[in-house]
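Asker:
Protein chains in written order, with this note's numbering: chain A, 4 to 410; chain B, 383 to 628.
Structure (structure tokens):
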């Protein structure tokens, strides 16, 4: 058995000389690490859910518009329904789903009130594969096809307009030619959405119906695209730009900068959380080790008097810290993983309004990511050992005579 | 009543039968506007705690051209509205600007009254956006009066479930009511004084009120009118809206 083995054995025995203290310290490390890993899983889940949600409602990873539309979303900023090369890319392997739509601001009026909303002319079959609203649960009937002349509005919009399913409302808009475009629509269904802005501010009808109303034959204002591989948006954006150089192609980071900023913020925040938990843990560790060193002053004095090198004393204390950290990390990771597996996801729908305000989803999956795990463990181990250096150094620097004389 | 309308009505219907409801509505609106018209009128906007009086001058030509100018009070004088077809412009002399009323503002109140911009702009919609049905014939002040129900077409830009009008046999509209789609009466236009204007029977005083908002009504009182006189060329133009020629 080498010198390290001896020191390790001494450290192990010393740990259990005061079992209660060690258990408390272990518990602190375990809980600290578990909190770090769990928080990382929650934070990652939150970001993933937030981005997924945003893409479901935006919708799509990438959107195509005519130049000028994003600054002034008017009917006149339109382009032909995808065909030729653009259609080939959209139907190609880079794209999971796409939908073309008419999307314009309109005023919807009932007998009692009016509201400004966004009118979407959609192809129901394509929307269902792409966006939340294409699949939203509808009280009444959903849209059948692009020629459907019925109107779907959100539940809250219906409340505001004091109208019900089966009644007619009037939609007034500016047509693509700049002239007034209006007609009556029968409300065939009311949809629900976890995003109240959608329930208050969106009306859907068939694409062809909207094109007739706004005098946009065969034209659309927007194509939304869901990527086959969300991690490789650049390739998709480049392919779409090459296929339609006259149009504006933008990915969700550009279209929803707030979501992108949120994603960045939460990743940064994980670091802050790590640091806070670690600081608490480090003080416990250093304090306990200092205590142990103090109690064993006479013992260390004896070791030194018998000829043990100060380096070894340092190693002994350091090994103690290492043992505590390794045991605590193992237990902490186990606890966090078990908890994450048992919960699966966190339901925050009780705080739906607040969650919506923060742009968060209502169900947050807990995602254990290898990188997060390695980072938390590595951080605790490295910084923990660094922090343990101070008590170890104190023990190693004792003067044997003075140490032996102390009670 | 214009002669050709009379001929049309007579041709379309055997003497014994009542005339067609749509023809009555058309005749009433044409009677109301004339081929051309010029009027001076007073508009009173009443609210539960205040009242506003405006003096207006208005010109119309056919069914789709109108110009309205505010004469008094001084702070509003010079404000003007021009309608050509579906398009509507307003001129405000204080900012010296002509604003085209966008689609989004068509449902808003016209000059703070109980008429919406759409009411002003779409006065002729009643003719072809609805299905008209004769509900019955009544006797009012020694006249026969037709009660007609107008139901908007499925895709007509009309929010009402139906509108009922009571039209006297000399084509004066006595009452026009707006019902929501459950049949509840929401808005009502009533002729409160009928007399003669420039030789034709006419509603001199009309009131528009909302039944869901008690105390909210607007009354239009016609002071003076001329019908079917030639109007100066260039009256219904943006240039004239901004710089009125006397």
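Cβ atoms here follow ideal geometry from the backbone N, Cα and C, with glycine treated the same way.
With a threshold of 9 Å between beta carbons, is residue 496 of chain B in contact with chain A?
Answerer: For the purposes of this step, residue 496 of chain B is taken as residue 114 along the second chain, with counting starting at 1. For residue 496 of chain B, the answer is no, since every Cβ of chain A falls outside 9 Å of its Cβ.
Asker: When you compare only the Cα positions, how much space is there between residue 394 of chain B and residue 552 of chain B?
Answerer: For this step, residue 394 of chain B is matched to residue 12 along the second chain. For this step, residue 552 of chain B is matched to residue 170 along the second chain. Since pLDDT at residue 394 of chain B reaches only 49, below the 50 mark, its modelled position is unreliable, and the value read off the structure follows with that caveat. Near 18 Å, if we compare the C-alpha coordinates of residue 552 of chain B and residue 394 of chain B.
Asker: Do we get a CB-CB distance below 9 Å when we pair residue 411 of chain A with the residues of chain B?
Answerer: Because residue 411 of chain A is not part of the residues shown, which for chain A are 4 to 410, the question remains open.
Asker: What are the boundary residues of the alpha helix (DSSP H) that residue 97 of chain A is part of?
Answerer: Taking the first chain and counting its residues from 1, one reaches residue 97 of chain A at position 94. Taken as a continuous stretch (DSSP letters only), residue 97 of chain A belongs to no alpha helix (DSSP H), as it is neither H nor E.
Asker: For residue 473 of chain B, which three-state DSSP category applies?
Answerer: By one-based count along the second chain, residue 473 of chain B stands at place 91. Strand at residue 473 of chain B.
Asker: Name the one or two DSSP bridge partners that residue 428 of chain B has.
Answerer: By one-based count along the second chain, residue 428 of chain B stands at place 46. Bridge partners of residue 428 of chain B: B:433 and B:599.
Asker: If residue 473 of chain B sits next to residue 461 of chain B, beta carbons under 8 Å apart, how far is it from one beta carbon to the other, in whole angstroms?
Answerer: What you label residue 473 of chain B is simply residue 91 of the second chain in a count that begins at 1. What you label residue 461 of chain B is simply residue 79 of the second chain in a count that begins at 1. Going by Cβ atoms, the distance from residue 473 of chain B to residue 461 of chain B rounds to 7 Å, so yes, they are a contact pair.
Asker: Count the CB pairs spanning the stretch 390 to 398 of chain A and the stretch 311 to 325 of chain A that are closer than 8 Å, and state whether there are at least three.
Answerer: These segments touch.
Asker: Quick one: using the 10 Å Cβ neighbour count with 16 as the cut-off for buried, is residue 336 of chain A buried or exposed?
Answerer: In the first chain, counting from the first residue as 1, residue 336 of chain A sits at position 333. Flag for residue 336 of chain A reads buried.
Asker: Is residue 512 of chain B close to chain A? Criterion is C-beta to C-beta, closer than 9 Å.
Answerer: As a position in the second chain, residue 512 of chain B is number 130, starting the count at 1. Answer no: the Cβ-Cβ gap between residue 512 of chain B and chain A never drops below 9 Å.
Asker: Could you name the residues of the same chain whose beta carbon sits closer than 8 Å to that of residue 470 of chain B, not counting the 5 residues immediately before and after it, in chain order?
Answerer: Along the second chain, read from residue 1 onward, the residue named residue 470 of chain B stands at position 88. Same-chain partners within the cutoff: 463, 464, 482, 483, 488, 499, 502 and 503.
Asker: So which residues of chain E does residue 583 of chain B contact, with C-beta pairs closer than 7 Å?
Answerer: Checking the listed chains, one finds no chain E in this structure; the protein chains it contains are A and B.
Asker: In terms of DSSP beta bridges, what is residue 118 of chain A paired with?
Answerer: Locating residue 118 of chain A in the first chain gives position 115, where the first residue counts as 1. According to DSSP, which records beta bridges pairwise, residue 118 of chain A is partnered with A:111.
Asker: Using three-state DSSP, classify residue 614 of chain B as helix, strand or coil.
Answerer: The residue labelled residue 614 of chain B in the question sits at position 232 within the second chain. DSSP places residue 614 of chain B in coil when its eight states are reduced to three.
Asker: Please list the residues of the stretch 99 to 118 of chain A that have a C-beta atom closer than 8 Å to any C-beta atom in chain B, keeping them in chain order.
Answerer: Of all residues in the stretch 99 to 118 of chain A, 108, 109, 110, 112, 113, 114, 115 and 117 have a Cβ within less than 8 Å of some Cβ in chain B.
Asker: Tell me which same chain residues have a C-beta within less than 7 Å of the C-beta of residue 531 of chain B, skipping the five on either side of it?
Answerer: Here residue 531 of chain B is taken as the residue at index 149 of the second chain, counted from 1. Cβ neighbours of residue 531 of chain B beyond the five flanking positions: 515, 517, 544 and 546.
Asker: Can you tell me whether residue 177 of chain A is buried or exposed, with buried defined as 16 or more other CB within 10 angstroms of its CB?
Answerer: For the purposes of this step, residue 177 of chain A is taken as residue 174 along the first chain, with counting starting at 1. Buried.
Asker: Could you give the C-beta distance for residue 15 of chain A and residue 326 of chain A, rounded to a whole number, given that I count them as a contact under 8 Å?
Answerer: For the purposes of this step, residue 15 of chain A is identified with residue 12 of the first chain, where counting begins at 1. For the purposes of this step, residue 326 of chain A is identified with residue 323 of the first chain, where counting begins at 1. Indeed, because the Cβ distance is near 6 Å, the residues count as touching under 8 Å.
Asker: Can you tell me the Cα-Cα spacing of residue 143 of chain A and residue 608 of chain B, whole angstroms?
Answerer: Locating residue 143 of chain A in the first chain gives position 140, where the first residue counts as 1. Locating residue 608 of chain B in the second chain gives position 226, where the first residue counts as 1. Going from the Cα of residue 143 of chain A to the Cα of residue 608 of chain B covers about 54 Å.
Asker: Please classify residue 185 of chain A: does DSSP put it in a helix, a strand, or coil?
Answerer: By 1-based counting over the first chain, the position of residue 185 of chain A is 182. Strand at residue 185 of chain A.
Asker: Return the residue from the list A:35, A:5, A:217 and A:226 that minimises the CA-CA distance to residue 334 of chain A.
Answerer: Looking up residue 334 of chain A in the first chain gives position 331. Cα-wise, what sits closest to residue 334 of chain A is A:35.
Asker: Quick one: Cα of residue 174 of chain A to Cα of residue 526 of chain B, how far?
Answerer: Position 171 of the first chain holds residue 174 of chain A. Position 144 of the second chain holds residue 526 of chain B. Computed Cα separation, rounded: 38 Å.
Asker: Expressed to the nearest angstrom, what Euclidean distance is found between the alpha-carbon atoms of residue 23 of chain A and residue 272 of chain A?
Answerer: Start at 1 with the first residue of the first chain, and residue 23 of chain A comes out as number 20. Start at 1 with the first residue of the first chain, and residue 272 of chain A comes out as number 269. Roughly 35 Å between the two C-alpha positions.
Asker: Report the partner residues of residue 504 of chain B according to the DSSP bridge assignment.
Answerer: Translated into the one-based positions of the second chain, residue 504 of chain B becomes position 122. In the DSSP output, where bridge partners are listed per residue, residue 504 of chain B has none listed.
Asker: Would you mind working out which of A:292, A:276 and A:119 sits nearest residue 38 of chain A, comparing C-alpha positions?
Answerer: What you label residue 38 of chain A is simply residue 35 of the first chain in a count that begins at 1. Here the closest residue by C-alpha is A:276.
Asker: Measure the alpha-carbon distance for residue 281 of chain A versus residue 383 of chain A and round it to whole angstroms.
Answerer: Within the first chain, numbered from 1, the residue matching residue 281 of chain A stands at position 278. Within the first chain, numbered from 1, the residue matching residue 383 of chain A stands at position 380. Each residue's Cα considered, the two are about 7 Å apart.
Asker: My guess is that residue 106 of chain A and residue 76 of chain A are in contact by the Cβ rule of under 8 Å, so how many angstroms apart are they, rounded?
Answerer: Locating residue 106 of chain A in the first chain gives position 103, counting from the first residue. Locating residue 76 of chain A in the first chain gives position 73, counting from the first residue. Right, their Cβ atoms sit about 7 Å apart.
Asker: Check whether the Cβ of residue 45 of chain A lies closer than 9 Å to any Cβ atom in chain B.
Answerer: Locating residue 45 of chain A in the first chain gives position 42, counting from the first residue. Taking Cβ atoms only, chain B never reaches closer than 9 Å to residue 45 of chain A, which makes this a no.
Asker: Quick one: measure Cβ to Cβ for residue 92 of chain A and residue 246 of chain A, integer angstroms, because I've assumed they're closer than 8 Å.
Answerer: In the first chain, residue 92 of chain A corresponds to position 89, counting from 1. In the first chain, residue 246 of chain A corresponds to position 243, counting from 1. So it is a contact: roughly 5 Å between Cβ atoms.
Asker: From the DSSP output, read off the bridge partner residues of residue 609 of chain B.
Answerer: Here the question's residue 609 of chain B lines up with position 227 in the second chain. Answer by DSSP bridge pairing, in chain order: B:419.
Asker: Going straight from the alpha carbon of residue 152 of chain A to that of residue 127 of chain A, what length do you get?
Answerer: Translated into the one-based positions of the first chain, residue 152 of chain A becomes position 149. Translated into the one-based positions of the first chain, residue 127 of chain A becomes position 124. Taking the straight line joining both Cα atoms gives about 12 Å.
Asker: With DSSP run on the structure shown, which of helix, strand or coil describes residue 64 of chain A?
Answerer: Reading the first chain from its first residue, position 61 is the one you call residue 64 of chain A. If DSSP states are grouped into helix, strand and coil, residue 64 of chain A belongs with coil.
Asker: What whole-angstrom Cβ distance do residue 442 of chain B and residue 610 of chain B have, given they're in contact under 8 Å?
Answerer: Along the second chain, one-based indexing puts residue 442 of chain B at 60. Along the second chain, one-based indexing puts residue 610 of chain B at 228. The Cβ separation is near 11 Å, so there is no contact.
Asker: Residue 232 of chain A CB to nearest chain B CB: under 9 Å?
Answerer: Translated into positions along the first chain, residue 232 of chain A becomes position 229. Not an interface residue.
Asker: Around the Cβ of residue 286 of chain A, are there at least 16 other Cβ atoms within 10 angstroms (buried) or fewer (exposed)?
Answerer: Numbered from its first residue, the first chain carries residue 286 of chain A at position 283. By the neighbour-count rule (16 or more Cβ atoms within 10 Å), residue 286 of chain A is not buried but exposed.
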